[in-house]
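All remarks here apply to the structure that follows.
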Amino acid sequence: MEVLPELATGDVKHLQRCINDLVSLLALPAVWSGGDPSQVLHTLMDALMRMLRLDLISVRLTNSVGETPLEIVRSAERRGPMPSAHEICEALNQCLINDSRKWPPLLRSLMGNGDVSIVLLPLGLQGELGVIVAAAERADFPQQTEALLLSVAANQASIGLQEARLLSHQKRVASELDQRVVQRTAELAAANQELKKELDERRLIEEKLGQEERELKRSEVRKAAIVDSALDCIVTIDHEGRITEFNPAAEHTFGYRRDEVLGRHLADVIIPPSLREKHREGFAHYLATGEARVLGKRLEMTAVRANGSEFPVELAITRIPLEGPPSFTGYLRDITERKRARQELLRSEAFLAEAQHLSRIGSFSWRIQTDEITWSEQLYRIFQIDRDAQLTFELIGTRIHPEDLSIFQEHIGRSRRERSDVQIELRLQLPDGAVKYVHVAAHIRGGHEYIGAVQDVTERRSSEEALSKARSELAHVARVTSLGVLTASVAHEVNQPLSGIVTNASTCLRMLAADPPNVDGARETARRTIRDGNRASEVVTRLRALYAKKDPTIESMDLNEATREVIALSLSDLQRNRVTLRQELADDLPVVTADRVQLQQVILNLLRNASEAMSVVDDRPRDLLIRTEPDENDRVRLSVRDAGIGFEPQAAGKLFEAFYTTKNEGMGIGLSVSRSIIERHHGRLWASPNDGPGVTFSFSIPCKPEGLTSDDTHASRIPSVSDAA
Amino acid sequence: MVLRQERRAAERLLVSVIDDDESVRESLPDLLGEFGFAARTFSSAEEFLASDCIDQTRCLILDIAMPGMSGPDLQRKLKLREQEIPIIFITASTDKAVRPQLIERGAVECLFKPFSDTAMLEALNSVFHPTQ
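Residue numbers (the working numbering), protein chains in the order written: chain A, 9 to 733; chain B, 3 to 134.
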């Protein structure tokens, strides 16, 4: 203090503050440590603004390597309107455009009103780092202490900036290094990838090569296997005709081992001596001219085995498509079996033709789309059409009986439309005037072709007619037979009332002859005589109804009534056989449309059979039950149940055959005829064994059989007894 | 004849007729009456066996074929019961072979329907007047 007595108190304070500020400025580098240039500058500018009460401060850093130029402007807030930072920068640019070395240490600014003092402080020894511009609206700026602070601050800033720059540079270098390392690493990785890819590709190629090699090998193996396992003989020969390959099938077929024949001439091995010369000539011809008749074709020839036996083979020769002298592969197949099969087929065809001929059946096919008709030999024969004729429906139509032609044409039309199976019977009228009956059956195959057969049934038709006639005759015999048996019971039936008549008449005479005559008694007996006479007449009438010469007539009839009549006729016969007849005739039986007499014959037959079946039965009642009842589906059923000897189960199917009988007497025709009568009524007649002893015979007929007319039964009518006379 | 006619009804001998045919049952009793017999009719053998006439019946006119028990059956039955009654068989059958068989078994006669009054009378006489 004593050293500076002349200093005023104000001055002392000023100095004190100045020293504090200096200390602060000197402490700044510690604050800046590690910061970047902009941090350095911001701190510095804040400190200077505060210390020197500046109105404006600007720092501009020159563009140093790797760093962007930086300019920071800051102005005091207390000031009124100030030029914008941009304007200030522009103004400063004017001043600073020149070389910084030429900058005067102190400049009065041109901007503003001139009261503004501006100080330029270079950063770095030569201003190479940049410049600080400080301005205050004071004429005395900068004072001595202020200038000192500014220059210290500039120095400090230079040092700080250098360090910051250095640091920043280091950072940048480190970063660049890092980047380079990263880039290099990436490059290495890429190269590595590339390398790997190349390796992979190479491996793939190698694998492929291996696979191809294996494929090739496998294909060779397979080819060898094919050749080895082929069922055909495969023999290859070189251009001289020497065997170069002889597969196992060939070994097997010809009876040579491969090693025995390799190198030998083919002709010497498998061609019979008689053909060898021809083979050699052909081979030589080919070699000389290239013409071959045998290449690429299938030939049949004779081959010879090791044991000398000859056999037929099919041979195909191909040239092996390789460079060099020609070589050939021969495929040979033993066709002994095939030839045999072919012969068998031919024989079978011959059999079929013969069978068609014998059975008078011809077969045909018809392709609907094209109307292509194919006939078997026999069919031409049946139709008497020339074998070479072009088959058309028109031509076939000329053989159809005029009355059947429309049916024929209708069937063709329907078949064409509906393509369903066909069954028709047609008459043919042949050129020689003969009429034939044919049965045609055809099935559609694949929806577009009919396959069928035509059978000449002319003979069958006539034999059917003959059979029908025979059956009628049988029926006739049966009726005569049953009549014969009936004669006794008819007599019995008539004798009863006759007996009454005779007795009554005798009594009457006796009464009248008495003295005095018993007139009342005589009258009574005469009355009874008349009644018995009528009774006898009724019996005769019933018989006449049953046996009168009368065409069968279909009429509405009461089956119960008809049954009662038959019972009345059979009763004495049954009684004689000590048969107890029970009747269960349904009250609600519907009316039946049928031939009454024919049905009565059936019922009579059934009763007679039942009675006879019980004739040897002595250990049980000879019970016979006749029953009528409505049957389902608008039918009526009549059954006759006996307690007779029955029949063996195996005989059930034969019962209805003509001449089959379990009885010692009688012809056994009755049931067969009965059945045909019932069938003509569209009904059914059957026998079933009872739970107990005996059998029940039943028939069931529709009440109103469709299509049953008098004509129907007329055609197959059973001749009446008088026909036989 | 006259004498027989004058015989009182109570004294008349009983002839039983068994036949399932009604006309026989109606006509025969009058004829038998003319012959001086009392007559009873039955439609079956069973009916006769169930009646109280067996002991009084001096002669049976019996049909052969009947439902149930037949004439010959009844004949056997009566024989077994030791109630033998002279039997005249009548039948509508035409089988003549039955007659000798039946007579061999003890029947008085076998008449085939229609039979005459005299044939019947002869048969009856052979029962009641065997010496004639």
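Yeah, the Cβ is synthetic: ideal placement off N, Cα and C, and Gly gets one too.
Under 7 Å between beta-carbons, which chain A residues line up against residue i? List them in chain order, please.
| i | result |
| --- | --- |
| B/Val26 | Ser507 and Gly508 |
| B/Pro69 | Gln583 and Thr588 |
| B/Ser72 | Arg586 |
Measuring only between beta-carbons, confirm whether residue i sits less than 7 Å from chain A.
| i | result |
| --- | --- |
| B/Glu36 | yes |
| B/Ser46 | no |
| B/Ala40 | no |
| B/Leu33 | yes |
| B/Asp23 | yes |
| B/Asn127 | no |
| B/Val17 | no |
Beta-carbon of residue i versus every beta-carbon of chain B: anything under 7 Å?
| i | result |
| --- | --- |
| A/Ser514 | yes |
| A/Thr511 | yes |
| A/Ala499 | yes |
| A/Arg536 | yes |
| A/Ile566 | The question names Ile, yet the displayed sequence has Asp at residue 566 of chain A. No, A/Asp566 lies away from the interface with chain B (no Cβ there is under 7 Å from its Cβ). |
| A/Asp540 | yes |
| A/Gly674 | Unreliable positioning characterises A/Gly674 in this predicted model, as indicated by a pLDDT of 38, which lies under 50. The coordinate reading is nonetheless provided below. It does not; no Cβ of chain B falls within 7 Å. |
| A/Pro713 | no |
So which residues of chain B does residue i contact, with C-beta pairs closer than 7 Å?
| i | result |
| --- | --- |
| A/Asn734 | There is simply no residue 734 of chain A to check, as chain A begins at 9 and stops at 733 in what is shown. |
Between the Cα of residue i and the Cα atoms of the options, which residue gives the shortest distance?
| i | options | result |
| --- | --- | --- |
| A/Ala450 | A/Ile167, A/Arg422, A/Glu473 and A/Thr537 | A/Arg422 |
| A/Asp412 | A/Asp429, A/Ser46 and A/Gln437 | A/Gln437 |
| A/Val448 | A/Ser471, A/His419 and A/Glu426 | A/His419 |
| A/Tyr445 | A/Ser428, A/His456, A/Ser471 and A/Gln609 | A/Ser471 |
| A/Ala4 | A/Asn163, A/Thr153, A/Ser125 and A/Val139 | With chain A covering 9 to 733 only, the question about residue 4 of chain A has no answer from this structure. |
| A/Ala602 | A/Ala576, A/Arg688 and A/Thr588 | A/Arg688 |
| B/Arg27 | A/Asp63, A/Asp246 and A/Thr533 | A/Thr533 |
| B/Ala121 | B/Phe91, B/Arg107 and B/Asp97 | B/Phe91 |
| A/Pro329 | A/Thr337, A/Leu366 and A/Gly132 | A/Thr337 |
| A/Gln47 | A/Glu402, A/Gln24 and A/Ala165 | A/Ala165 |
| A/Glu569 | A/Gln583, A/Ile538, A/Asp596 and A/Asn585 | A/Asp596 |
Quick one: does the C-beta of residue i sit closer than 6 Å to a heavy atom of the ligand MN?
| i | result |
| --- | --- |
| A/Ala144 | Among the components modelled here there is no ligand, and therefore nothing to report on the ligand MN. |
Which residue comes first and which comes last in the alpha helix (DSSP H) that contains residue i?
| i | result |
| --- | --- |
| A/Phe746 | Because chain A spans 9 through 733 in this model, residue 746 of chain A falls outside it and cannot be assessed. |
| A/Lys216 | Gln152 to Ser237 |
| A/Leu436 | Where A/Leu436 is concerned, there is no enclosing alpha helix (DSSP H), although the beta strand (DSSP E) it sits in stretches over Val430 to Gln437. |
| A/Ala621 | Arg604 to Ala621 |
| A/Val462 | No alpha helix (DSSP H) contains A/Val462, which is instead part of the beta strand (DSSP E) from Glu457 to Asp464. |
What residues of chain B sit near residue i, judged by a beta carbon separation below 9 Å?
| i | result |
| --- | --- |
| A/Gly691 | The premise fails here: A/Gly691 is roughly 31 Å from chain B at the closest Cβ pair, so nothing lies under 9 Å. |
| A/Asp429 | What A/Asp429 touches in chain B: nothing, since even the nearest Cβ is about 60 Å away. |
| A/Ser580 | Ala67, Ala94 and Ser95 |
Can you pull the chain B residues whose beta carbon is under 8 Å from the beta carbon of residue i, in chain order?
| i | result |
| --- | --- |
| A/Thr533 | Ser29 and Asp32 |
| A/Gly529 | Asp32 |
| A/Arg543 | Ser25 |
If you follow the beta strand (DSSP E) that residue i is part of, which residue opens it and which one closes it?
| i | result |
| --- | --- |
| A/Phe372 | Ile369 to Arg375 |
| A/Cys711 | Taken as a continuous stretch (DSSP letters only), A/Cys711 belongs to no beta strand (DSSP E), as it is neither H nor E. |
| A/Ser696 | Arg692 to Pro697 |
| A/Arg643 | Arg643 to Arg649 |
| B/Gln85 | Looking at the DSSP string, B/Gln85 is not in any beta strand (DSSP E), and its letter there is neither H nor E. |
| B/Gly108 | Here B/Gly108 belongs to no beta strand (DSSP E), and DSSP marks it neither H nor E. |
| A/Ile126 | Ser125 to Leu131 |
| A/Gly338 | Phe336 to Asp342 |
At a CB-CB cut-off below 9 Å, which residues of chain A make contact with residue i?
| i | result |
| --- | --- |
| B/Asp119 | Val510, Thr511, Ala513, Ser514, Thr515, Leu517 and Arg518 |
Is there a Cβ of chain D sitting closer than 7 Å to that of residue i, yes or no?
| i | result |
| --- | --- |
| A/Arg210 | No chain D is part of this structure, whose protein chains are labelled A and B. |
Note to self: Going residue by residue through the region 359-415 of chain A, where are the continuous alpha helix (DSSP H) segments of at least 4 residues, counting only ones entirely within it?
What the structure shows: Runs of the alpha helix (DSSP H) inside the region 359-415 of chain A: 385-391 and 401-405.
Note to self: Could you tell me which whole beta strand (DSSP E) segments of length 3 or greater appear in the region 232-288 of chain A?
What the structure shows: Unbroken beta strand (DSSP E) stretches of 3 residues or longer found wholly inside the region 232-288 of chain A: 241-245 and 251-254, given in chain order.
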